[in-house]
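Under this note's numbering, the first residue of the sequence shown is numbered 165, with each subsequent residue one higher.
Here's the structure we're looking at; comments come further down.
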Amino acid sequence: MIAHAPSRSPQIALPDADATEALGRHLAALLQLGDTLLLEGPIGAGKSHLARAILHAMMAVEGGAIEDVPSPTYTLVQTYAVPRGEVWHADLYRLGDPSEVEELGLEAAMGRDICLIEWPDRLGGGPFDGGTLGVSLSHDGEGRMVRLTPHGPRAQRIADTLAPESAQ
Numbered sequence: 165m166i167a168h169a170p171s172r173s174p175q176i177a178l179p180d181a182d183a184t185e186a187l188g189r190h191l192a193a194l195l196q197l198g199d200t201l202l203l204e205g206p207i208g209a210g211k212s213h214l215a216r217a218i219l220h221a222m223m224a225v226e227g228g229a230i231e232d233v234p235s236p237t238y239t240l241v242q243t244y245a246v247p248r249g250e251v252w253h254a255d256l257y258r259l260g261d262p263s264e265v266e267e268l269g270l271e272a273a274m275g276r277d278i279c280l281i282e283w284p285d286r287l288g289g290g291p292f293d294g295g296t297l298g299v300s301l302s303h304d305g306e307g308r309m310v311r312l313t314p315h316g317p318r319a320q321r322i323a324d325t326l327a328p329e330s331a332q
């Protein structure tokens, strides 16, 4: 993977669960094979909720049956086949060392499939390619705040589409 310095890091306010689901639908429409979302934030910040919204939107829009999307906290990785390809949903919270990622096959999926990775700090820090977008969720009163950190031009285009007022 090629390292790119992040440029703009727009923020998006998510006042409620409906706004999180709307962001998930928007992301689902933008993501392509090879894209990776790094979902960061404390426990309860909405990482799994956002990943579930993305997956449900991909399943619904592309004519597939909407499957149950459990958090992969115990399985570590769940894969989903959608018409545009495979989506990997990983929760790395329980990993003790970045070397354990290799056993999951996740690094091979990054850059090839769509990857939604919770607790990406367990990856060991990159470098990340141009289709990698950091999505940091935090509590903001009753809602959430999302900060987008693009790694490269493709991820920057996604971030600018999601938060056009920050694109200059």
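Each residue gets a CB set at the ideal place from its N, CA and C atoms; glycine is no exception.
Backbone secondary structure at residue i - three-state DSSP
i    : result
Q175 : strand
R321 : helix
M308 : Reading off the sequence, residue 308 comes out as Arg, not Met. Three-state DSSP puts R308 in a strand.
I207 : coil
P314 : strand
A327 : coil
Whole-Å CB distance - residue i paired with residue j, under 8 Å assumed
i    : j    : result
M309 : A217 : With 8 Å as the limit, M309 and A217 do not qualify as a contact, their Cβ atoms being about 17 Å apart.
I278 : L194 : 11 Å between Cβ atoms; not a contact.
Contact set for residue i: own chain, Cβ-Cβ below 6 Å, skip 5 residues either direction
i    : result
L280 : L201, A215, H253
R189 : A221
V251 : Y244, I278
L259 : R286
Spatial distance of residue i from residue j (CA atoms)
i    : j    : result
V225 : V246 : 10 Å
L268 : L287 : 11 Å
Q175 : L219 : 22 Å
G298 : M223 : 23 Å
H303 : H213 : 13 Å
D180 : Q320 : 25 Å
P262 : S173 : 26 Å
A327 : G249 : 26 Å
H168 : G289 : Only weak support exists for where H168 lies, its pLDDT of 39 falling under 50; the coordinates are left without a value.
Q196 : E306 : 32 Å
L240 : D255 : 5 Å
S300 : A272 : 23 Å
Neighbourhood of residue i by C-beta distance below 7 Å, restricted to the same chain and skipping five residues each side
i    : result
D182 : none
E185 : A217
V192 : For the sequence presented, residue 192 should be read as Ala rather than Val. The residues are I218, A221, M222, V225.
Below-8 Å beta-carbon distance, residue i vs any chain B residue
i    : result
E185 : Looking for chain B here will not work: only one protein chain is present.
Close-in-space but distant-in-sequence residues of the same chain around residue i (CB under 8 Å, 5 per side omitted)
i    : result
G275 : M165, G198, T200, D293, G295
Residue from the options whose Cα sits closest to the Cα of residue i
i    : options          : result
G210 : V265, E264, W283 : W283
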